[in-house]
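Q: Dropping the structure in here first, questions after.
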Amino acid sequence: MMGLWFSLPQKLRFLLAGGFNTAVGYSLVFLGQYFLGGYALPQVIFGLAYLLSSFSAFAAMKHLVFRTRGNYLREYIKYLGSSVSSALVGLGVLSLVVHVFGGNEYLGQFMAMSASVVTSYVMLRYYAFAYKPGRDDN
C-alpha cells in the first residue's frame with residue numbers, strides 16, 4: 061500500500077495529507093468544544109487542538125509527503141514557522157481582495173486559501189523539509 065502512496069506525485073500527496081490533517085484539526089476542535097466547552101474558553105480549545113493536530117500534520121508531511129530524515133525538532137520548528145507564515149499570506153490576500161479591492165468575500169476566501177496552500181507547499185518543500193547534501197541530520 062505504501063508503494064502505491066509513494067507512486068503518487070508529491071504535490072498530490074501534499075494535498076491528500078493536508079485534507080486529512082484538516083479533518084483531524086476540525087475533529088479535535090469539535091471534540092474539545094464538546095467535552096471542554098463549559099470549562100475552557102474557545103480560544104484555549106482552539107490552541108490545544110492546533111498544537112495537538114500540528115504533531116500529526118508534521119509527521120504526515122515529514123514521512124508521507126517529503127520523506128525526510130532530518131532532525132525532528134529543527135524540522136518541527138521550521139514546520140510551525142511555515143504554517144504560520146502561509147496563514148498570514150492567506151490573511152493578507154483576503155484583506156486585499158475584500159477590503160482594498162472591494163471584492164466578494166467568497167472570492168476572497170477562495171483566493172486566500174489558494175494562496176495559503178501554495179505558500180505552504182513552497183515553504184515546506186524548500187525550507188522546512190529541504191534536503192541539504194552533506195549535513196548529518198538529513
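Going by our numbering, the sequence shown opens with residue 61, and the numbers climb by one from there. The beta carbon of each residue, even a glycine, is placed where N, CA and C say it ideally should be.
#1: Tell me which same chain residues have a C-beta within less than 8 angstroms of the C-beta of residue 180, skipping the five on either side of it?
#2: Among 82, 81 and 107, which has the Cα closest to the Cα of residue 92?
#3: I need the straight-line Cα distance from residue 137 to residue 177, nearest angstrom please.
#4: Pairs of beta-carbons, one from the stretch 146–155 and one from the stretch 98–114, closer than 8 angstroms: are there three or more?
#5: Looking only at C-alpha atoms, which of 110, 159 and 120 sits nearest to residue 86?
#6: Give the straight-line distance between the Cα atoms of residue 125 and residue 88, rounded to the nearest whole angstrom.
#7: Which stretch, first to last residue, makes up the alpha helix (DSSP H) that contains residue 136?
#8: I need the straight-line Cα distance from residue 153 to residue 114, nearest angstrom please.
#9: Check the C-beta distance from residue 168 over to residue 157 and give it rounded, since I have them as a contact under 8 angstroms.
A: For this structure:
#1: To locate residue 180, count along the sequence shown from 1; it is residue 120. Beyond the five residues adjoining it in sequence on each side, residue 180 comes within less than 8 angstroms, by CB distance, of 78, 142, 143 and 146 in the same chain, given in chain order.
#2: Residue 92 sits at position 32 when you count from the first residue of the sequence shown. When each option's Cα is compared against that of residue 92, the closest is 107.
#3: Translated into the one-based positions of the sequence shown, residue 137 becomes position 77. Translated into the one-based positions of the sequence shown, residue 177 becomes position 117. Answer to the nearest angstrom: the Cα atoms are 19 angstroms apart.
#4: These segments do not touch.
#5: Taking the sequence shown and counting its residues from 1, the one referred to as residue 86 is at position 26. Closest by alpha carbon: 110.
#6: In the sequence shown, the residue the question calls residue 125 occupies position 65. In the sequence shown, the residue the question calls residue 88 occupies position 28. Using only the alpha carbons, I get a separation of about 22 angstroms.
#7: Taking the sequence shown and counting its residues from 1, the one referred to as residue 136 is at position 76. Per DSSP, residue 136 belongs to the alpha helix (DSSP H) from 132–155.
#8: Working through the sequence shown from its first residue, we reach residue 153 at position 93. Working through the sequence shown from its first residue, we reach residue 114 at position 54. Between residue 153 and residue 114, the C-alpha separation is close to 23 angstroms.
#9: As a first step, residue 168 must be located in the sequence shown, where it is residue number 108. As a first step, residue 157 must be located in the sequence shown, where it is residue number 97. Contact flag correct, Cβ pair sits at about 4 angstroms.
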